Amino acid sequence: MADDTAQLLLFGVVIVILTPLLGRYMARVYAGERNYLTPVVAPIEKIIWQICAIDSRAEQHWSRYAFSVLAVNIVCVLIFYAILRLQYYLPLNPRSVMGLEPSASFATAVSFITGTNWQAYAGEADLSFFSQMVGCTAQNFLAAATAMSVGIAVMRGLTQSRAKTLGNFHVDFIRTILYILLPGSFIFALIFVFQGVPQTLSNFSTVVTVEGGEQVLAHGPVASQVAVKMFSTSGGGFFNANGAHPFSNPTPLTNFLQAVLILAIPAALTYTFGTMAGDVRQGWALFSAMAFLFVIGLAVVYAAEGGGNTLLNRLPIDQTTGNMEGKETRFGTAGSALWAVTATATATGAVNSMLESYTPMGGMVPLLNVQLNEAIFGGVGSGFYSLLFYIVLATFIAGLMVGRSPVYLGKKIEVREIKLAVLTPLIVPIGMLLLPALALQISEAASAMYNKGPHGLTEILVAYASAVATNGASFAGFDASQPFHLNAQALAMMVGRFSFIIAALAIAGSLGAKRSVTTTVGGVPTHTPLFVILMISIIFIFGAMSFFPALALGPLAEHFEMLAGQTF
Amino acid sequence: MIWNETNGDLQLFDTGILRRAVVSAVRKLNPITLVHNPVIFVVEIVSILATLFVIRDLAAGDPTADAQVQITLWLWITVLFGNFAEAVAEERGKARAESLRASQKTTETKRLVLEHRMDFETVKSSELATGDVVLVEAGDIIPADGDVVDGIASVDESAITGESAPVIRESGGDRSSVTGGTKVVSDWMKVRVVIRPGGSFIDRMIAMVEGTRRQKTPSEVALTIMLVGQTIVFLVVVAALGPFSFYSGGMVATTFLLALLVTLIPTTIGALLSAIGIAGMERLVKANIIAKSGRTVEACGDVDTLLLDKTGTITFGNRMADAMKPLPGVQIRDLAEAAYLASLSDDTPEGRSILELVERTYGKMVENPAVLRHIPFSAETRISGVDLHPEGEVRKGSEDAIRSYAKMGENYQLTRIIQDIARSGGTPLVVARDHRVLGVIHLKDVIKPHIRDRFMQLRRMDVRTVMITGDNPLTAAAIAAEAGVDDFLAESTPERKLELIRKYQGEGRVVAMCGDGSNDAPALAQADVGVAMNDGTQAAKEAANIVDLDSDPTKLIEVVRVGKQLLISRGSLTTFSIANDVAKYFAILPPLFATVYPGLGALNVMDLHNPQSAILSAVIFNALVIIFLIPLALKGVNYVPSSPDMLLGRNLAVYGIGGIIAPFIGIKAIDLLIGGLGLV
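Respectively, the protein sequence lines represent chains A and B. So for the first sequence, the working numbering puts the first residue at 1; every next one is plus one. So for the second sequence, the working numbering puts the first residue at 1001; every next one is plus one.
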C-alpha cells in the first residue's frame, strides 16, 4: 500500500520535473533555435531537405499545411498496406509469414498511420520482422511526427499575431523525428535492452521447458519498437500481449519508465505551448486541468482494483492484493492501474494488464478516458489540438459569463471558430455511440462480443471509442476481425483522426491571422485556478455527459449488479 | 405625450401584454416559423412523435399509457412555454415601439417647389424623398430627420427626449439637425430631408424592439450553433440508447426516451435566447438610447476606452472668470477697471463672467462709460475690447496677441503668471490699456458636477476614459486630473483624433467615441462604437452607430451595462441549462432501466416514488423552469462591475453550481406533489 502510493507519487514528481525540461527543449527545436543536438542533427536535416527538395523557409497557409499532412499520410498508408500484403516476398521473414489479407492489411495500415495501433492480429504470429520494423515501428514515428507537427502548428496559430501561415509541415515533421523521437527512443531502447528486452533479428528460439516439453519463444527487434510505441503514444506492441509480455516489459523498472515515457511528450507540450505564448502559466493551467482529471481517474481505478471483486468474497480467494485477474504479479494493482490510466488518457492504448478483467468501475475509467477524446493529455500533439476544441468552448462560455467577447491569449474567438469547435466534435458521439448501436442491429457484428449483459456492451463501447479517439485500447473479449468492424473501425479512425486535424488547423489558421488584442483589460485571465476549474467542468460537461446513459447500461449497471450479487 | 407616459417601467406582466403573448405563443406553433428557434423546433417535432406513439400505446392498452399521456401533454406545454417567453418579450417590445411610433405618424407636410422660394405643395410625409426641402412653421411636426438649410426656429423635442424646454434649431453650425416627429413651437425654417421617413434611426429601433426584423448578433449566432450542437449530441445519445437498451434486454417506451431527449437538450436557454435579446433592446430604448443594430450594443460590452470631448461633456461649454492677477506695479483696481471696460461689449459667457467677477468685488465700476467704438473678437486678431471717448483704448486677448498689440518683449513676470494659470487648468486672458499690459484674468473651466462619479463607474467597468481637448497640454493635464479621466489628448485636431483612435485600435482596444460636431464624423465612424448626441449634426448622427436622445455623453455607461448584461444573461442561462442535465440523469436513467437493471436504483438519489413519476417530474420541471426564468431573461442578469475573474467566479457559482442543485430540489418537490395528487 505504502509502496504503491510511493510509486504513484514518484510518477507525478518525475512528470512535473520532466515537463519544463522537455517542454523547453521542444520549443527550441520547433522554433529552429540552437539546441544540444544541433551540431549532430542539423547537417543530417539539411541533407534530407536537399534530397526532398524542401524549402525550409517556405511557410504554409493552414490549408496548405493540412494538404501536406494528408499527402504524406496517404503515401504512408499505401506503403504500409503494400508491405503487409507483400511481406512473404520481402526480406527479414525467417518464419515465412504469409501476406495479410486485404481488409486486415488496410485496417492495420489505417490503424497505425492514425496512431491508433488497434491490432486485429497477433504481432508475433502474423507479421514478419520487416513488417514490424519498416512497417509498424516506422509508422509509429511517422504518425507521431504528424500529430506533433499539427499540435505545434496549432500552438503557432494561438500565439502569433496577424500571420497568414502556420509554419512548414515538412520541416516540423522531419524535426520531430530527428530531434525528439529518434534520440529519445534510441536512449530508452538501450535502457530496455539493459533490462532484458530482446533486440534481435534471429528466428524464434525453441527451448525445452522444466517439464521437458518444447516451447517456442517469440522475440525479435522488440526494444526499439517498445521505446517508440510508448514515446509516440502509439501503443501497438510487438507481441499480442503488449506490455504484459515479459519480453516487452520485463521489470517493475521498465514498467515505471514506460509509463513515464508515455506521458512525457503530451505533458511537456503544455510547457512548450506556454513558452511559445510567452507566459508559461498558460501551459501550466492546461497541465493542471488535465492532471486533475488524470489523478481522479487513477484514484478510482486504483481503489476499484485494490478493492477486488465483491463476488469473489464468498470464495476462498485471497484478494488482499486486489483484483489480480489479468494482471501481472510483477506490476501489482498500482503498476497496472498506472498503465491503464496513462495509456487511455493519452492516445496510447498499450496495456500491461487485461482491461477486460478489471472490475466494472476500474474498467469504466479507461473507457471514459478514451471517450473524452484525448482531453486528458491525449496523444503526442493530438492531445493538444484535441484540447483546442475544449479551450474554444471554455473561452466562449467564460466570455459570455463576464459580458465580453471571448478572447484566448488575445485572440478573439468568433463565430467561425465556435462553429468548427462545436460541429467537429459531433463526430465523437456519432462514432462512439451510433456506430456500436448500428453494429448491434447486425447479427454477425453483434456476435463479436465474447460476453453477455453489461460487460458485452462495455466491450463494444470500448472498441469504437478506441477507434474514434485513435487510442487503440481494447477489451480483449471483442473480435474486431469481423468485416463490419474492420471497415467501420477503419472509417472511424480515419474520420476521427483527420477531421480533427483539419478542423484544428482551420481554427489555428483563422486565429493566427487575427490581430492579438491586449489581454490586460477586461478579458478573463486564462492562467488562474478559476479557468482551470472551468476547463475541467467544460471537459466533463461537453465530453463526458453524453456518455452517461451508455455507461449506465454498461459498467455502471455491471457495478451495481455485482454489488447485488448478480452475474451474467 | 405618449412617450412620457410609457417611458418608465413597463409592468413586467401587464395583463394586456400577457393576453396577447398567449395568443402569439399558440400562433408560433407553426413549424415553418418555429424553425428559427432550432431547440424549441426539435421539442415540437418530438411532441408530435410522442403524440403519435401515445395514441398507438393507448390503443394497445399499455399500462404506462396514463403516464405517457401526461408526459406528452407536458412536452407540448414546454413548446408553448418556449414560444410564450419569446412572445412576452416581443409584446413588451411592441408596447415600447408603439410609443416611439407615436412620433412617427404620417403627417401633411409642405414640400418646397424651389429651395430658395417660399411656394410649396402639400404632400404626405411618407411621400418625401431624401433631398427634398420642406417648410416647417410654428405648430408643424417636422416630417423627417433632416438639416436646417434656412431660417431659425424653436423646436419642442420632448417627444423624443422627454425634455420639456424647446430648443433652438438654425441653419449652419452644430445646431442644424432636426429629428422627425418633433414639433416647431415658433418661427419657421426650411429643412432638407436627410433620411426618408421610414428609414430613420427610430424606425430601425422600432423594428428591433418588436423583434421582427432583429438580426442575430454574433454571440447569439455562436450560441445558437452551440445549442444546435448540443441538441444533435443528445439526439445521437438517445438514438443510440434504443438499441443499447434492447441489447440489454429491456424495452423502453419510446415516449420515455423522447422525454429524456427533451429534458437533456438545452430547452431553457433555447426558449429564452431571443427574449433576452429583445428585452435588451427594450431596456436601451427605455434609457432613451437608439442603437442602429444589436451588434453595436454587444460591441459596447467590449468597450475599454472611451474618448470624450472636454467641452460640453466634462466641463460646461464656457469658461468663467475666476481671479485677476495684476503685473507687479499695477493696482489690482486698475486691472479690474480695464477688464470691465474691455468686456462691456462682449456678450459671450466669458465676457459676462468678467463683468460679474468685477461687480462682485468692486460693485459697478463705471457709470455710463463713454464708448467710442467696439472692437469685436475675431479669430484673426484674437483680441477684443473698446475704444473710449474721447481717448484711450482697452484690449483683452491671448498672450501673443496682446504682446504684439503692446509691443512688449519677453516678460518674466507675465510668463510666470500665465504659466501658473495654465498649470492649474485655467485659461489666461491678458488685459492691456493704452498699449500697456496690466495683468491677466484667470478664466476657469467649470467641471460638471458628478462627472467624477460617472468616470469612477466607468473605471469599475474596466473602461478607460480619455479626454480630448484643443487646450494646451498643461491646461489639459490639470482638467484631466480634476475631472478624474485616465488620459487626455491635448491640442487635438480632427486628424489627431482619428490617429489616436487608430492607435488604440492597433493596441487591440475597443474604442467608443462620443461626439456631436460635423468634424467628429470621421472619428465616430472609425471608432468601434460611435455615440452621437441627438442635438449634434446630421453628419455626426449618420456616422455614429448609437444616438443618445438625451445628449448625455456619459450615457455610455448605460449602453455598456446593457451590452454586458445581454452577454452575461445568455452565458448564465446557458450554464444553468446545461448544468441541469446532471440532476435529470439521476432522475430519469434509474427508472428507465429499472426493469433490466434494478441495481441502477442506487442512482435514484432523490428517492422519487415511482418510475413514471420520476420521468414526469423531470419533464414538468424542465417546462416550468422556462416560465420561472422569463423575468430574469427580461430584466437581465444583475451586472455588478468587478474584475472578470470575480465576475466569472460569482456567475459560475450561482448559475453553474446553482444549476446543478436547483433541479434536484425542484424535481423532488414536483414528485412529492404529483405523488400527493395521485397523478401517476
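Using N, Cα and C, we set each Cβ at its ideal position, and we do this for glycine too. Note that the structure is a prediction, hence the values are computed from the model and not measured.
For residue i, the nearest candidate out of the options (CA to CA)
i               : options                               : result
R1020 (chain B) : B:E1090, B:S1424 and B:I1546          : B:E1090
G236 (chain A)  : A:P366, A:S131 and A:L92              : A:S131
I427 (chain A)  : A:F384, A:L440, A:S499 and A:F377     : A:S499
F1256 (chain B) : B:V1238, B:V1430, B:E1482 and B:A1543 : B:V1238
L1344 (chain B) : B:V1371, B:Q1457, B:R1460 and B:L1080 : B:V1371
G1082 (chain B) : B:V1022, B:R1056 and B:A1138          : B:V1022
I1017 (chain B) : B:L1052, B:Q1457, B:V1042 and B:A1087 : B:A1087
D1334 (chain B) : B:P1266, B:P1631, B:D1434 and B:S1186 : B:D1434
D1322 (chain B) : B:S1171, B:A1339 and B:A1222          : B:A1339
V415 (chain A)  : A:T270, A:L298, A:R330 and A:L393     : A:L393
S1219 (chain B) : B:K1635, B:G1676, B:G1571 and B:R1650 : B:G1571
A58 (chain A)   : A:G362, A:S546, A:G453 and A:V171     : A:V171
L8 (chain A)    : A:G213, A:G297, A:F478 and A:G184     : A:G297
Terminal residues of the beta strand (DSSP E) in which residue i lies
i               : result
V1371 (chain B) : V1371 to I1375
F1428 (chain B) : It is Pro, not Phe, that sits at residue 1428 (chain B) in the sequence shown. Segment T1427 to R1433, the beta strand (DSSP E) holding P1428 (chain B).
C1514 (chain B) : V1511 to G1515
V1136 (chain B) : V1133 to E1137
S510 (chain A)  : That residue, S510 (chain A), is in no beta strand (DSSP E); its alpha helix (DSSP H) goes P483 to G512.
Collapsed DSSP secondary structure at residue i in the structure displayed
i               : result
L1227 (chain B) : helix
D1309 (chain B) : strand
H1442 (chain B) : strand
F192 (chain A)  : helix
A473 (chain A)  : coil
D1057 (chain B) : helix
N1472 (chain B) : coil
S1274 (chain B) : helix
W284 (chain A)  : helix
E1005 (chain B) : At E1005 (chain B) the pLDDT is 35, less than 50, meaning the model places this residue with poor confidence; the figure from the coordinates comes in the next sentence. Helix at E1005 (chain B).
Q199 (chain A)  : strand
Neighbourhood of residue i by C-beta, 7 Å cutoff - its chain only, sequence neighbours within 5 removed
i               : result
P1611 (chain B) : P1591 and A1594
D1462 (chain B) : D1304
L263 (chain A)  : I15, T342, T346 and F377
H1389 (chain B) : A1370, V1371 and L1372
R1436 (chain B) : A1406
Cβ-Cβ distance between residue i and residue j below 8 Å
i               : j               : result
V1149 (chain B) : R1117 (chain B) : no
L1629 (chain B) : T1268 (chain B) : yes
L435 (chain A)  : P1243 (chain B) : no
T137 (chain A)  : V197 (chain A)  : no
V495 (chain A)  : G410 (chain A)  : no
F1576 (chain B) : G1658 (chain B) : yes
G431 (chain A)  : W118 (chain A)  : no
P366 (chain A)  : A340 (chain A)  : yes
T1683 (chain B) : E1098 (chain B) : Because chain B is modelled from 1001 through 1680, residue 1683 (chain B) falls outside the range shown and cannot be assessed.
P1494 (chain B) : P1522 (chain B) : yes
Same chain, Cβ closer than 6 Å to residue i, neighbours up to 5 away in sequence not counted
i               : result
L100 (chain A)  : L84
R497 (chain A)  : T114 and T470
G1249 (chain B) : V1596
G1008 (chain B) : Interpretation of G1008 (chain B) is limited by its pLDDT of 49, a score under 50 that renders its predicted location unreliable; the figure taken from the coordinates is listed afterwards. Taken in chain order, the list of residues that qualify is empty.
E124 (chain A)  : A218 and F239
L142 (chain A)  : C76
T116 (chain A)  : T470, G472 and M493
Boundaries of the alpha helix (DSSP H) in which residue i is found, first to last residue
i               : result
R1020 (chain B) : T1015 to R1027
E45 (chain A)   : T38 to C52
E459 (chain A)  : G453 to V468
Closer than 7 Å: residue i CB and nearest the ligand NAD heavy atom
i               : result
L1284 (chain B) : The ligand NAD is not part of the structure shown, which contains no ligands of any sort.
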